[in-house]
Amino acid sequence: MDLGLTGKVALVTGASAGIGYAISQKLAAEGCNLIICGRNTDRLEQAYQSLVNLPAKIITFSADVQKATDSEKLTQNALNQFGKIDILINNSEGAKFSGAAIETLSDEDWRDVFERKLLGYIRMTNLVLPTMKSQKWGRIVNIIGTSGKEPSSRLIKSGVANAALINFTKSVATEVAKWNVLVNSVNPGIIDTPRHREYLEIFAQKENRNIDAIAQEIDNTIPVGRRGLSSEVANLVAFLSSECASYITGVTISVDGGLSTAAF
Numbered sequence: 558m559d560l561g562l563t564g565k566v567a568l569v570t571g572a573s574a575g576i577g578y579a580i581s582q583k584l585a586a587e588g589c590n591l592i593i594c595g596r597n598t599d600r601l602e603q604a605y606q607s608l609v610n611l612p613a614k615i616i617t618f619s620a621d622v623q624k625a626t627d628s629e630k631l632t633q634n635a636l637n638q639f640g641k642i643d644i645l646i647n648n649s650e651g652a653k654f655s656g657a658a659i660e661t662l663s664d665e666d667w668r669d670v671f672e673r674k675l676l677g678y679i680r681m682t683n684l685v686l687p688t689m690k691s692q693k694w695g696r697i698v699n700i701i702g703t704s705g706k707e708p709s710s711r712l713i714k715s716g717v718a719n720a721a722l723i724n725f726t727k728s729v730a731t732e733v734a735k736w737n738v739l740v741n742s743v744n745p746g747i748i749d750t751p752r753h754r755e756y757l758e759i760f761a762q763k764e765n766r767n768i769d770a771i772a773q774e775i776d777n778t779i780p781v782g783r784r785g786l787s788s789e790v791a792n793l794v795a796f797l798s799s800e801c802a803s804y805i806t807g808v809t810i811s812v813d814g815g816l817s818t819a820a821f
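For the sequence shown, the residue numbers in the numbering used here are 558 to 821.
1) Sorted by chain position, which residues of the same chain lie with C-beta nearer than 7 Å to SER799's C-beta, five sequence neighbours on each side aside?
2) With DSSP as the reference, label SER663 as helix, strand or coil.
3) Hey, THR806 and LEU739: beta-carbon distance below 7 Å or not?
4) With distance defined between alpha-carbon atoms, name the residue in GLU755, GLY746 and SER715 nearest to ASP776.
5) Quick check: what's the CA-CA separation for TYR756 versus ALA585?
6) Pull up the distance between the alpha-carbon of THR570 and that of LEU631, whole angstroms please.
7) Taking buried to mean at least 16 other C-beta atoms within 10 Å of its own C-beta, is SER628 buried or exposed?
8) Would you give the residue range spanned by the beta strand (DSSP E) that ILE592 belongs to?
9) Tell me the DSSP secondary structure of LEU611 in three-state form.
10) Are SER649 and GLY695 closer than 7 Å when you measure CB to CB?
11) So ARG784 and ILE810 are in contact, right, with Cβ under 8 Å, and what is the actual spacing, rounded?
12) Between the region 669-685 and the region 632-648, are three or more C-beta pairs nearer than 8 Å?
Shown next as structure tokens:
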């Protein structure tokens, strides 16, 4: 299927690894020009080098979208380089995993997750909307997570922020649809990424257990019997970013191997 993305311009945050990198790879393969953002300049350069031979113009920009000034510079750089922004992929890293009980979480812990993800997505959305409205075409895809719909005591900080982002997605989608700006969100389930492997290591250390045994237990909870791939998330994101999804807005779609339909 030709998604019709050739010549479109996408801004992807958190693009240096994992799901963000896979999304960048898929969009570039479809001919979409990119500005990819990340905080780690070395990883960002590695991502660029692995994407540079794809049929797209790719620009890197090191930025922390938790910071208003960085977000503004990132957006302006994209406009300076390409003259427009057609697609925004909000994919910032969520809360640091702790597994801590609710009563042990401080105000600073909550501020961290709100700044890290929620406000970053809101800020970037506000920055790209003027150009999308003026061209009467835009796609915003928020990468969120299943904890916003399926609460977990181990992921309470992420769950609260993610639930807010699902609400934000629906609200913005309703407001901007008349300009042909479509806003959707994707909830990845348990995806085999570097960040997920870090979680496994933390689980193993906290519980003094074998990491492979924990990974197998997780796989057993997923109806399809395995963790997902970043590319499987990227395929959906590319579709939602295209004209093929021209009648879809305000929805949240889970890519989780059926996990959200299973009992926890």
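Yeah, the Cβ is synthetic: ideal placement off N, Cα and C, and Gly gets one too. From a predicted model like this one, the values you see are computed outputs, not experimental measurements.
With the given structure in hand:
1) Taking the sequence shown and counting its residues from 1, the one referred to as residue 799 is at position 242. Taken in chain order, the residues that qualify are LEU560, GLY561 and LEU562.
2) Counting from 1 along the sequence shown, the entry for residue 663 is found at position 106. SER663: coil per DSSP, three-state reduction.
3) Translated into the one-based positions of the sequence shown, residue 806 becomes position 249. Translated into the one-based positions of the sequence shown, residue 739 becomes position 182. For THR806 and LEU739, yes; Cβs fall inside 7 Å.
4) For the purposes of this step, residue 776 is taken as the residue at position 219 of the sequence shown. Ranking the options by Cα distance to ASP776, first place goes to GLY746.
5) Taking the first residue of the sequence shown as 1, we reach residue 756 at position 199. Taking the first residue of the sequence shown as 1, we reach residue 585 at position 28. Taking the straight line from one Cα to the other gives about 29 Å.
6) As a first step, residue 570 is located in the sequence shown; it is residue number 13 there, counting from the start. As a first step, residue 631 is located in the sequence shown; it is residue number 74 there, counting from the start. For THR570 and LEU631, the distance between alpha carbons rounds to 10 Å.
7) Position 71 of the sequence shown, counted from the first residue, corresponds to residue 628. Buried, because 16 or more other Cβ atoms sit within 10 Å of the Cβ of SER628.
8) The residue you call residue 592 lines up with position 35 of the sequence shown. Taken as a continuous stretch (DSSP letters only), the beta strand (DSSP E) holding ILE592 covers 590-595.
9) The residue you call residue 611 lines up with position 54 of the sequence shown. Here LEU611 sits in coil by DSSP.
10) On the sequence shown, residue 649 is found 92 positions in, with the first residue counted as 1. On the sequence shown, residue 695 is found 138 positions in, with the first residue counted as 1. Taking 7 Å as the Cβ cut-off, SER649 and GLY695 do not qualify as a contacting pair.
11) One-based indexing of the sequence shown puts residue 784 at position 227. One-based indexing of the sequence shown puts residue 810 at position 253. About 18 Å separates the two Cβ atoms, so there is no contact after all.
12) yes
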